[in-house]
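In what follows, a structure is listed as structure tokens, so that the remarks can point back to it.
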Amino acid sequence: MSALTVDHLLGIKYLQPEDIQLIFETADHFKEVINRPIKKVPSLRDITIANIFFENSTRTKLSFELAQKRLSADVISFSAAQSSVKKGETLIDTVNNILAMKVDMVVMRHANPGAAYFLSKNVKASIINAGDGAHEHPTQGLLDSYSIRERLGEVAGKKVVIVGDILHSRVALSNIYALQMQGAEVKVCGPKTLIPRYIESLGVTVESNLRKALEWCDVANMLRVQNERMDVNYFPSTREYGQQYGVDKALLDSLNKEIVIMHPGPINRGVEITSDVADSKQSVILNQVENGVAIRMAVIYLLASKIQ
Amino acid sequence: MSQKVLLTSKEVNIILHRLACQLIEKHLDFSNTVLIGIQPRGTFLANRLKTLLEQEYQINTIALGYLDITFFRDDFRRTDKPIDANKTSIDFLIENKKVIFIDDVLYTGRSIRSALTAIQSFGRPSEIELLVLIDRRFSRHLPIQPDYRGRQVDAINNEKVKVSWTEQDGEDAVFLVPTITNQQPIP
Numbered sequence: 000m001s002a003l004t005v006d007h008l009l010g011i012k013y014l015q016p017e018d019i020q021l022i023f024e025t026a027d028h029f030k031e032v033i034n035r036p037i038k039k040v041p042s043l044r045d046i047t048i049a050n051i052f053f054e055n056s057t058r059t060k061l062s063f064e065l066a067q068k069r070l071s072a073d074v075i076s077f078s079a080a081q082s083s084v085k086k087g088e089t090l091i092d093t094v095n096n097i098l099a100m101k102v103d104m105v106v107m108r109h110a111n112p113g114a115a116y117f118l119s120k121n122v123k124a125s126i127i128n129a130g131d132g133a134h135e136h137p138t139q140g141l142l143d144s145y146s147i148r149e150r151l152g153e154v155a156g157k158k159v160v161i162v163g164d165i166l167h168s169r170v171a172l173s174n175i176y177a178l179q180m181q182g183a184e185v186k187v188c189g190p191k192t193l194i195p196r197y198i199e200s201l202g203v204t205v206e207s208n209l210r211k212a213l214e215w216c217d218v219a220n221m222l223r224v225q226n227e228r229m230d231v232n233y234f235p236s237t238r239e240y241g242q243q244y245g246v247d248k249a250l251l252d253s254l255n256k257e258i259v260i261m262h263p264g265p266i267n268r269g270v271e272i273t274s275d276v277a278d279s280k281q282s283v284i285l286n287q288v289e290n291g292v293a294i295r296m297a298v299i300y301l302l303a304s305k306i307q
Numbered sequence: 000m001s002q003k004v005l006l007t008s009k010e011v012n013i014i015l016h017r018l019a020c021q022l023i024e025k026h027l028d029f030s031n032t033v034l035i036g037i038q039p040r041g042t043f044l045a046n047r048l049k050t051l052l053e054q055e056y057q058i059n060t061i062a063l064g065y066l067d068i069t070f071f072r073d074d075f076r077r078t079d080k081p082i083d084a085n086k087t088s089i090d091f092l093i094e095n096k097k098v099i100f101i102d103d104v105l106y107t108g109r110s111i112r113s114a115l116t117a118i119q120s121f122g123r124p125s126e127i128e129l130l131v132l133i134d135r136r137f138s139r140h141l142p143i144q145p146d147y148r149g150r151q152v153d154a155i156n157n158e159k160v161k162v163s164w165t166e167q168d169g170e171d172a173v174f175l176v177p178t179i180t181n182q183q184p185i186p
């Protein structure tokens, strides 16, 4: 207890259940901090963090930056669009150039799966994966579980269905690992074309009927349809997807229990969920955003405490 | 390992009454004063004083909060000690209030320095005082002194002052315990 077993956060699969517990307990304290009149602690005064985003991101980048600033770290942020990456510089060179400016920690999002792992083996800094292709998005996985724990008391024994584009989703994989590690049962639901072929090997079950999946679950995590990653047509039309796999208020009210609705954002309103569902009291979407800052503060704080 | 009793349960009780009276002498009805127990071990003393003031002296308007200083310490990444935090709960405003920090042992003064920074997150108090049960003389790293002290103790650096409370450890008592390491602890 009291220190993580890892030096980098590359994915949930590298963590132990105790790590997740420690991150959650630390996040509880930071959640109290970010609700104070002055929402800042001086712990990381002597730490510099670089946020390197080779892929577009709004909320993850903002959430990381805010978490770093709440901890009093010095922050430099950079997006690939404005960088020498366009001029052909390699990933290691780019990062080493940044590290030469005495940076202690790197938060990176990259389109290639394994980019964060590769970086952790090749540069001397603590690495946090903020999403690597369709592989993992560990802080999102953590904050989703944390939000479930907050709403339902605990994660163990809960039934969670992840609905939508499982194939292109790093959020799905991190969620599956995190939920199973904490003893929850996971089902995935979506069009067959968007369910990876060997998904059962992860210990999850597949359901193609949304209503059945919702009747089974305590929590439904509605993933975004990632149009930007779809090179071919995986379903006939957005409208048809919405009819088959979208949740509307009528469907939610027709269930014989009250389930929790989650969405990692950004929402395609009317596709994955309708507006009245997104804004209903069953939805914890905005809690997820608030918890994201607390979880990222906890991860950064715990990793920073291991920097020599 | 031999430990020396510094204060017995009876002595602790007398000291608590004296400290309560000293607080009343200065703060009267506590209408503009708040008590802040420093986590983790100062909270027991803070709770005791509040109970005593309420039950023995009929002062029922006492605001009590707990302040955790973990994220404000100056030894982050410089110590092997656990970094576990405790709960902060201050559900009132401290703006323009008289704040009394309450802790069990004052040693180097670094915890209190952290608490002085931490409390700023909750507003600007009109003044801050410090109450400790045990004041270890000659061991301060910073110019911090208590306003109210239970007992002053001369302890050498490889001795530890251990405060037991009935609710946590089964009895009220203060011990002087020799530590095995010669390394100077960073409290």
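Protein sequences, first through last, are from chains A and B. Note that numbering that gives the first Met the number 0 has the first sequence beginning at 0, numbered continuously upward. Note that numbering that gives the first Met the number 0 has the second sequence beginning at 0, numbered continuously upward. We treat Cβ as the ideally placed atom computed from N, Cα and C, and that holds for glycine.
Given that a residue counts as buried once 16 or more other Cβ atoms are within 10 Å of its Cβ, and exposed if not, what is residue 69 of chain B? On the second sequence, residue 69 of chain B is found 70 positions in, with the first residue counted as 1. Buried: at least 16 other Cβ atoms inside 10 Å.
Spell out a yes or no on whether the segment 273-281 of chain A and the segment 117-125 of chain A are touching, meaning 3 or more CB-CB pairs, one atom from each, closer than 8 angstroms. no
As assigned by DSSP and simplified to three states, the class of residue 48 of chain A: As a first step, residue 48 of chain A must be located in the first sequence, where it is residue number 49. Of the three classes helix, strand and coil, the one that applies to residue 48 of chain A here is strand, per DSSP.
Do residue 158 of chain A and residue 310 of chain A count as a contact pair if the criterion is CB distance below 8 angstroms? Outside the shown range of chain A, which is 0 to 307, sits residue 310 of chain A, and nothing can be said about it.
Tell me which residue opens and which closes the alpha helix (DSSP H) that residue 302 of chain A is part of. Locating residue 302 of chain A in the first sequence gives position 303, counting from the first residue. Bounds of the alpha helix (DSSP H) holding residue 302 of chain A are 284-303.
Can you say whether residue 20 of chain A is buried or exposed, counting buried as having 16 or more other CB atoms within 10 angstroms of its CB? To locate residue 20 of chain A, count along the first sequence from 1; it is residue 21. The residue is exposed, with fewer than 16 neighbouring Cβ atoms inside 10 Å.
Report the residue from A:208, A:50 and A:225 whose alpha carbon sits nearest the alpha carbon of residue 263 of chain A. Indexing the first sequence from 1 puts residue 263 of chain A at position 264. Among A:208, A:50 and A:225, the Cα nearest to that of residue 263 of chain A is on A:225.
Please list, in chain order, all residues of the same chain as residue 315 of chain A whose beta carbon is under 7 angstroms from its beta carbon, the five residues on each side excluded. Because chain A in this structure spans residues 0 to 307, residue 315 of chain A falls outside the shown range and cannot be described.
For residue 91 of chain B, count neighbouring Cβ atoms within 10 angstroms of its own Cβ and tell me buried if that reaches 16, exposed if not. By one-based count along the second sequence, residue 91 of chain B stands at place 92. With fewer than 16 Cβ atoms within 10 Å of its Cβ, residue 91 of chain B is classed as exposed.
If I'm right that residue 118 of chain A touches residue 90 of chain A with Cβ under 8 angstroms, what's the distance once you round it to whole angstroms? In the first sequence, the residue the question calls residue 118 of chain A occupies position 119. In the first sequence, the residue the question calls residue 90 of chain A occupies position 91. Right, the Cβ-Cβ distance comes to about 7 angstroms (below 8 angstroms), so this counts as a contact.
Evaluate contact between the segment 20-30 of chain A and the segment 53-66 of chain B, counting only Cβ atoms and requiring at least three cross-stretch pairs below 8 angstroms. no
Limits of the beta strand (DSSP E) - the one that residue 126 of chain B falls within: Start at 1 with the first residue of the second sequence, and residue 126 of chain B comes out as number 127. That run of the beta strand (DSSP E) goes 126-135.
Run down chain A in chain order and give the residues with a C-beta less than 8 angstroms from the C-beta of residue 108 of chain B. Residue 108 of chain B sits at position 109 when you count from the first residue of the second sequence. In chain order: nothing, as chain A lies at least about 18 angstroms away.
Report buried or exposed for residue 96 of chain B, applying the criterion of at least 16 other Cβ atoms within 10 angstroms of its Cβ. What you label residue 96 of chain B is simply residue 97 of the second sequence in a count that begins at 1. Buried, since its Cβ has 16 or more Cβ neighbours within 10 Å.
Going straight from the alpha carbon of residue 8 of chain A to that of residue 77 of chain A, what length do you get? In the first sequence, residue 8 of chain A corresponds to position 9, counting from 1. In the first sequence, residue 77 of chain A corresponds to position 78, counting from 1. Each residue's Cα considered, the two are about 20 angstroms apart.
How many angstroms separate the CA atom of residue 203 of chain A from the CA atom of residue 197 of chain A? Residue numbering aside, residue 203 of chain A sits at position 204 when the first sequence is read from its first letter. Residue numbering aside, residue 197 of chain A sits at position 198 when the first sequence is read from its first letter. Going by the C-alpha atoms only, they are around 10 angstroms apart.
Backbone CA spacing between residue 37 of chain B and residue 144 of chain B [nearest angstrom]: Locating residue 37 of chain B in the second sequence gives position 38, counting from the first residue. Locating residue 144 of chain B in the second sequence gives position 145, counting from the first residue. Inter-residue distance for residue 37 of chain B and residue 144 of chain B is about 16 angstroms (C-alpha atoms, whole angstroms).
Which residues in chain B have a C-beta closer than 9 angstroms to the C-beta of residue 298 of chain A? List them in chain order. In the first sequence, counting from the first residue as 1, residue 298 of chain A sits at position 299. Near residue 298 of chain A there are no residues of chain B at all, since even the closest Cβ is about 14 angstroms away, more than 9 angstroms.
Let me see if you follow: with CB-CB separation under 8 angstroms, is residue 150 of chain A close to chain B or not? Counted from its first residue, the first sequence places residue 150 of chain A at position 151. No, because no Cβ of chain B sits closer than 8 angstroms to the Cβ of residue 150 of chain A.
Suppose you measure from the CA of residue 181 of chain A to the CA of residue 22 of chain B; what does that come to, to the nearest Å? Counting from 1 along the first sequence, the entry for residue 181 of chain A is found at position 182. Counting from 1 along the second sequence, the entry for residue 22 of chain B is found at position 23. Their backbone Cα atoms lie some 49 angstroms apart in a straight line.
Determine the burial state of residue 28 of chain B: buried for a count of at least 16 other Cβ atoms within 10 Å of its Cβ, exposed for fewer. Residue mapping note: residue 28 of chain B aligns to position 29 of the second sequence, counting from 1. Counting Cβ neighbours within 10 Å, residue 28 of chain B comes out exposed, since fewer than 16 surround it.
I want to verify the contact list: residues of chain B whose CB lies under 8 angstroms from the CB of residue 41 of chain A, in sequence order. For this step, residue 41 of chain A is matched to residue 42 along the first sequence. Per Cβ cutoff of 8 angstroms: 70, 71 and 116.
Cβ separation of residue 304 of chain A and residue 2 of chain A, assumed to be a contact under 8 angstroms, to the nearest whole Å: Counted from its first residue, the first sequence places residue 304 of chain A at position 305. Counted from its first residue, the first sequence places residue 2 of chain A at position 3. Residue 304 of chain A to residue 2 of chain A, Cβ: 7 angstroms. Contact.
My assumption, with CB atoms under 8 angstroms, is that residue 118 of chain B sits in contact with residue 124 of chain B. Please give the rounded CB distance. By 1-based counting over the second sequence, the position of residue 118 of chain B is 119. By 1-based counting over the second sequence, the position of residue 124 of chain B is 125. That pair is a contact at about 7 angstroms.
Is residue 121 of chain B close to chain A, meaning its C-beta is less than 8 angstroms from at least one C-beta of that chain? Start at 1 with the first residue of the second sequence, and residue 121 of chain B comes out as number 122. Taking 8 angstroms as the CB threshold, residue 121 of chain B lines the interface with chain A.
Coil, strand or helix - residue 163 of chain A by DSSP: Taking the first sequence and counting its residues from 1, one reaches residue 163 of chain A at position 164. Looking at residue 163 of chain A - three-state DSSP - the assignment turns out to be coil, as it is neither helix nor strand.
For residue 42 of chain B, which residues in chain A fall below 7 angstroms Cβ to Cβ? As a first step, residue 42 of chain B is located in the second sequence; it is residue number 43 there, counting from the start. Going along chain A, no residue has its Cβ under 7 angstroms from residue 42 of chain B, so there is no contact; the nearest lies around 15 angstroms.
Measure the alpha-carbon distance for residue 87 of chain A versus residue 79 of chain A and round it to whole angstroms. To locate residue 87 of chain A, count along the first sequence from 1; it is residue 88. To locate residue 79 of chain A, count along the first sequence from 1; it is residue 80. For residue 87 of chain A and residue 79 of chain A, the distance between alpha carbons rounds to 11 angstroms.
Reducing DSSP to helix, strand and coil, say where residue 145 of chain B ends up. By one-based count along the second sequence, residue 145 of chain B stands at place 146. Residue state for residue 145 of chain B is assigned as coil, using DSSP reduced to three classes.
Take residue 0 of chain A and list the residues in its own chain whose beta-carbon comes closer than 8 angstroms to its own, dropping the five residues that flank it on each side. Translated into the one-based positions of the first sequence, residue 0 of chain A becomes position 1. Bear in mind that a pLDDT of 47 at residue 0 of chain A, under 50, signals an unreliable position, so the model cannot answer this.
DSSP state of residue 33 of chain A, grouped into three classes? Here residue 33 of chain A refers to the residue found at position 34 when the first sequence is read from its first residue. In the structure shown, residue 33 of chain A sits in coil (DSSP, three-state: anything other than H, G, I, E or B).
With residue 11 of chain B as the anchor, note down where its alpha helix (DSSP H) starts and where it stops. Taking the first residue of the second sequence as position 1, residue 11 of chain B is located at position 12. Residue 11 of chain B -> alpha helix (DSSP H) spans 8-26.
Going by beta-carbon coordinates alone, are residue 332 of chain A and residue 84 of chain B separated by less than 8 angstroms? Past the edges of chain A, shown from 0 to 307, lies residue 332 of chain A, and the structure says nothing about it.
To which residues does DSSP link residue 268 of chain A through a beta bridge? Within the first sequence, residue 268 of chain A is the residue found at index 269, counting from 1. In the DSSP output, where bridge partners are listed per residue, residue 268 of chain A has A:272.
Cut-off 6 angstroms between Cβ atoms - residues of its own chain near residue 105 of chain B, not counting five sequence neighbours on either side: Sequence index remark: in the second sequence, residue 105 of chain B carries index 106 (1-based). Closer than 6 angstroms at the Cβ level, and outside the excluded window around residue 105 of chain B, lie 131, 134 and 145.
Quick one: complete beta strand (DSSP E) runs, 3+ long, within the segment 59-130 of chain B? 62-66 and 97-105
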